[in-house]
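Engineer: Chains as they are written, first to last, in the working numbering: chain A, 5 to 705; chain B, 7 to 177.
Yeah, the Cβ is synthetic: ideal placement off N, Cα and C, and Gly gets one too.
None of these values were measured; they are calculated from a predicted model.
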């Protein structure tokens, strides 16, 4: 540490949540700005984009820079922070004309379905119109400024981060309201004459000056907290005067310069806004898949090769390495990193693990020597076998502490390779993936809420196609081994992202496209090779098992459940643990969901509707898996507590589930309520699990 | 896509340090003026961020090259609990401070010794910190739960407005 100045400059108070929010806002605006630029070129000039980004940078500087780290030590730093929040960031934001770009940047469905009713709600429009008219806007701004500078409220903000955050939010949003009548951003014509802003700004300057005078000349310390600790030569009173000067001089400049520009504008009669009609450019083209997806088959082989090498390393270390989970690749890589990374991939893109599946690389190599001759028995062409294997995994994972045994993990992976090769050597198509692989079924179900899907770009092209290469294959590539006919494929269910159809399509009409996550859960349309969800009891069982299994799996690691298990174990005897764990899994992940389904279907009076409503629980189940797996990974990656993130993920899952159930129930409260109750009960149990001490896995204790 | 990835990573890696906060006590020892801060303001059983500002008494300038250590002890009728931790600049947001995250697992009064050592001088100050019982987790994370009823309310309003609009259109 060289000097106090260097130390001060290095004091950035980076809060990842704020940074993520600012980045997300920037992405949405940029997306909307680019879309708008294609439609209305001259209304989306680069200056507006620059103004928006500058406002975000100012917000970042105000809340994350050393100003924030020093705001409890120096009133002058705190005042500068407030100036940025009230006087710099809001006008920059409004100069960027943010409303239309932000709306264009958000997903269309969200704007239409979620925001639309509010944006067109007359009372809200009237209220907002009134709020941003000069007198109310000035009053809100003045009240926010004066009240928050009263010693009682200011001290409250200094003593509590929550109140401090509220204070900053009030300053920023009252700043936005204040600057609205001055800048009058679109859409729509300006409501007030430009000259009106001149007295408005002058009044604001008078208020600012009066407040500044209090700080500069009061002669006593207004906020005692600043008197306790002093750093450097500046006394608390001098610091207060400096804060007053900061407010007075730069503050006045911010108010008076625009007023001066407006006066000059009135004198020169210069028109500040262009009135020429914007040039409209029409752009409609089918959604394009990302550029890299053209090389995706090659990419797939490379990814498979990498995962195969990793699998070999895990097997080798599992058999030969040190039998301590935290120090062995077999203890850490599959159970901690791979599970979390594949979940992140599912939430960010789609079923990338199946795309890069190493088992399939070995199977494809084996098929060069053995051609399968049989078809999978008809009785097994469903998900019952894989659901049974998932239940077996949930039990074995806890009963034999698979995560803690590199040796067993190595055997498990070796067995997986052997079974995949064996089954696909005898049976045609991707039998193992479609009917057996428990990992695949998990990925299929979770990818129902993924944001990307292998889908057709233009349906009309498919209607003209008579070769059906996507399913039949051609000389370039085999067709879909899971028997998914692209034009009738309505979700990621059963799709391994193998990209065979992408390669086979002679019209380049299949790609990895963006979709609304979870939208396919709402529909009961016929799906190629799957049929209707409402007719598939096996799929319903699989989904219930994965949803309830998520909670059972996490619950098995928390202290109260483990203590209960050990208590029963002590009473029953030495070899009872697998049976106790088995009982827990059977009750929690099998009997409880069956009972729940039965009960809800009594209320629904329609078994097919009840089956469809089971799929509404998928987002909640996914969020529980995600929150749980990310907890273990984050514990290893960052060593930081992530309870808040777990709560947020689970809440998002609950809201998503409630929305899906509401839509499937077609807004019928009686149909919706039983499933909403189930979702809320699962959510409550998830929160309870998160707040219990959880066994840390894959770490040295 | 890159931005999305960065945001996701940042979300996962969120561990903003939060030093400064409430002044627990201020002591003068030799040539040093030592101030102990805690975040959150009310110290509760569990992990707390403690930070120390070390200043020269003469000119109030910050001392940045000291070796600072915390030693917390709590005596009860039967036992003595103690926790030691080095306080460092790299654990602090405000780099004028020395910070450490300390796990005080019992409620009641804890005695804290702060030792400060530079090449030329050293000092030791002591003081008391009251540790309250931990907040129930639901209360500790209340801001994250507030979102749920708000979203539910907004959704109900959204559905009401849609229904009303449909009725108007039908008429």
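(1) Could you check the C-alpha separation between residue 285(A) and residue 41(A) for me, to the nearest Å?
(2) Any beta-carbon of chain A closer than 8 Å to the one on residue 34(B)?
(3) Using 8 Å as the limit for Cβ to Cβ distance, is residue 140(B) near chain A?
(4) Taking beta-carbon pairs under 8 Å, can you tell me which members of the region 144-159 of chain B lie near chain A?
(5) Counting only beta-carbon separations shorter than 8 Å, does residue 630(A) have a partner in chain B?
(6) Using the DSSP secondary-structure output, state which residues sit across from residue 115(B) in a beta bridge.
(7) Would you please verify whether the beta carbon of residue 417(A) is less than 8 Å from any beta carbon of chain B?
(8) Name, going along the chain, the residues of the region 58-90 of chain B whose beta-carbon falls closer than 8 Å to a beta-carbon of chain A.
(9) When you compare each of 411(A), 98(A), 309(A) and 257(A) to residue 136(A) by their alpha carbons, which one comes out closest?
(10) Against residue 47(B), what residues of chain A qualify as contacts under a CB-to-CB distance less than 8 Å, listed in chain order?
(11) Could you tell me the alpha carbon to alpha carbon distance between residue 38(B) and residue 93(A), rounded to whole angstroms?
(12) Could you pull out every residue in the same chain whose Cβ sits closer than 7 Å to the Cβ of residue 138(A), ignoring the five residues on either side in sequence?
(13) With DSSP collapsed to three states, give me the class of residue 566(A).
(14) For residue 698(A), decide whether its Cβ has a neighbour in chain B, counting only Cβ atoms nearer than 8 Å.
(15) Listed in chain order, which residues of the region 61-75 of chain A have Cβ atoms closer than 7 Å to some Cβ of chain B?
(16) Determine, using beta carbons only, whether residue 165(B) comes closer than 8 Å to chain A.
(17) Whole angstroms is fine: what's the gap from residue 456(A)'s alpha carbon to residue 516(A)'s?
(18) Within 10 angstroms of its Cβ, does residue 279(A) collect 16 or more other Cβ (buried), or is it exposed?
(19) Among residues of its own chain, excluding the 5 on either side of residue 708(A), which ones have a beta-carbon nearer than 6 Å to its beta-carbon?
(20) Tell me, to the nearest whole angstrom, how far the beta carbon of residue 618(A) is from that of residue 547(A); I am working on the premise that it is less than 8 Å.
(21) Does the separation of the CB atoms of residue 595(A) and residue 533(A) fall below 8 Å?
(22) Take residue 565(A) and list the residues in its own chain whose beta-carbon comes closer than 7 Å to its own, dropping the five residues that flank it on each side.
(23) Is the Cβ of residue 135(B) closer than 8 Å to any Cβ of chain A?
(24) Helix, strand or coil for residue 378(A), going by three-state DSSP, please let me know.
(25) Work out the CA separation of residue 620(A) and residue 96(B) for me, nearest whole Å.
(26) Just to make sure I have the definition right: I need the residues of chain A whose C-beta is within less than 7 Å of the C-beta of residue 29(B). Which are they?
(27) Between 224(A), 142(A), 425(A) and 85(A), which lies nearest to residue 168(A) when the distance is taken from Cα to Cα?
(28) With residue 69(B) as the anchor, note down where its beta strand (DSSP E) starts and where it stops.
(29) Select from the region 121-134 of chain A all residues with a C-beta closer than 9 Å to any C-beta belonging to chain B, and list them in chain order.
(30) I'd like to know whether the C-beta of residue 109(A) is nearer than 8 Å to at least one C-beta of chain B.
(31) Does the beta-carbon distance from residue 344(A) to residue 637(A) come in below 8 Å?
(32) Using a Cβ-Cβ distance cut-off of 8 Å, determine whether residue 4(B) contacts chain A.
(33) If you measure beta-carbon to beta-carbon, which residues of the region 87-117 of chain B are closer than 7 Å to chain A?
(34) Using the beta-carbon of each residue, which ones in chain A are nearer than 9 Å to residue 54(B)?
(35) Beta carbons nearer than 8 Å to chain B: which residues of the region 369-397 of chain A have them?
(36) How about residue 52(B) and residue 127(B): are their beta carbons less than 8 Å apart?
Structural biologist: With the given structure in hand:
(1) Because the pLDDT of residue 285(A) is 48, which lies under 50, any placement of that residue in the model is unreliable, and the question is left without a value.
(2) Closer than 8 Å: no.
(3) no
(4) 144, 147, 149, 150, 151, 153, 154, 157 and 158
(5) Output row for residue 630(A): interface = no.
(6) The secondary-structure analysis by DSSP pairs residue 115(B) across a beta bridge with 136(B).
(7) no
(8) Of all residues in the region 58-90 of chain B, the ones placed with a Cβ closer than 8 Å to any Cβ belonging to chain A are 59, 61, 65, 66, 67, 68, 70 and 71, in chain order.
(9) 98(A)
(10) By Cβ distance, chain A contributes 163 and 164.
(11) 41 Å
(12) Correct list, in chain order: 185, 196, 200 and 204.
(13) helix
(14) no
(15) 73 and 74
(16) yes
(17) 6 Å
(18) Note that residue 279(A) scores a pLDDT of 44, beneath 50, so its modelled location is shaky; the value from the coordinates is reported in the next line. Exposed.
(19) With chain A covering 5 to 705 only, the question about residue 708(A) has no answer from this structure.
(20) 5 Å
(21) no
(22) Leaving aside the five residues that flank residue 565(A) on each side, the residues in its chain whose CB is nearer than 7 Å to its CB run, in chain order, 559.
(23) no
(24) Here residue 378(A) sits in strand by DSSP.
(25) 46 Å
(26) 232 and 233
(27) 85(A)
(28) Run containing residue 69(B): none; DSSP gives neither H nor E here.
(29) Residues are counted here when their Cβ sits less than 9 Å from a Cβ of chain B; for the region 121-134 of chain A these are 121, 122, 124 and 125, given in chain order.
(30) no
(31) Yes, the Cβ-Cβ distance between residue 344(A) and residue 637(A) is below 8 Å.
(32) Residue 4(B) cannot be examined here, being either before or after the span of chain B that is shown, 7 to 177.
(33) 95, 99, 100, 101 and 102
(34) The premise fails here: residue 54(B) is roughly 13 Å from chain A at the closest Cβ pair, so nothing lies under 9 Å.
(35) Under the 8 Å Cβ criterion, the region 369-397 of chain A contributes no residue.
(36) Taking the C-beta atoms as reference points, residue 127(B) is found no nearer than 8 Å to residue 52(B).
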